[in-house]
Amino acid sequence: MSDKNASMQRRRFLKMGAAGAAITILPVSWHAALAAERLDPSSAQARAMSYVENASDSTHSAYQAGHNCANCLMFSDPSQAEWGPCAVFPGKLVAAGGWCNAWVTRG
Ligand code: SF4
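For the sequence shown, the positions run 6 to 112 when this note's numbering is used.
Quick look at the structure:
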């Protein structure tokens, strides 16, 4: 086999590897995005934590004006402006403007 043929085969192999990796990774990230659904405020887990989608609607004694999911340490993706993941409710999205009694300052 000539050096030129070997080089072309190596390039073809690398391209196939990159395509395979993309095919493997993309469904995982799509799956993660599809798996997350909005937390239902009327669900037992949400009610147990006094979760509300609009923080200012909270009547909980621990609620303080200005506290919301977007500035809570448990809101694990602050780049999300509307809905994002929360460590307290795995697999669910909470409203950035929401609140629950597990709120802790992002500091
Ligand atoms: Fe929102 Fe924080 Fe409660 Fe999660 S723990 S629902 S981010 S206030």
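For glycine and all other residues, C-beta sits at the position ideal for the given N, C-alpha and C.
Under the three-state DSSP convention, the category residue i falls into
i, result
"Arg43", "strand"
"Cys105", "coil"
"Ala67", "coil"
"Ala60", "helix"
"Leu19", "Confidence in Leu19 is poor, its pLDDT being 48 and thus under 50, which makes the residue's placement unreliable; the coordinate value appears in the next sentence. If DSSP states are grouped into helix, strand and coil, Leu19 belongs with the helices."
Heavy atom of the ligand SF4 within 7 Å of residue i beta-carbon
i, result
"Trp1", "Residue 1 is absent from the structure shown; the chain starts at 6 and stops at 112."
"Asn108", "Reading off the sequence shown, one finds Trp at residue 108, where the question assumed Asn. Yes, the beta carbon of Trp108 sits closer than 7 Å to at least one heavy atom of the ligand SF4."
"Val57", "no"
For residue i, the residue or residues it bridges with in DSSP
i, result
"Gly89", "Val99"
"Cys144", "Lying outside 6 to 112, the shown extent of the chain, residue 144 is not represented and no answer is given."
Residue i and residue j closer than 8 Å at C-beta
i, j, result
"Ala101", "Glu87", "yes"
"Arg72", "Ala60", "The sequence as given places His at residue 72; Arg does not occur at that position. Yes; because the gap between Cβ atoms is below 8 Å, this pair is in contact."
"Trp104", "Ser66", "no"
Fill in: Contact between the segment 44-61 and the segment 76-87 (3+ Cβ pairs under 8 Å)
No, the segment 44-61 is not in contact with the segment 76-87.
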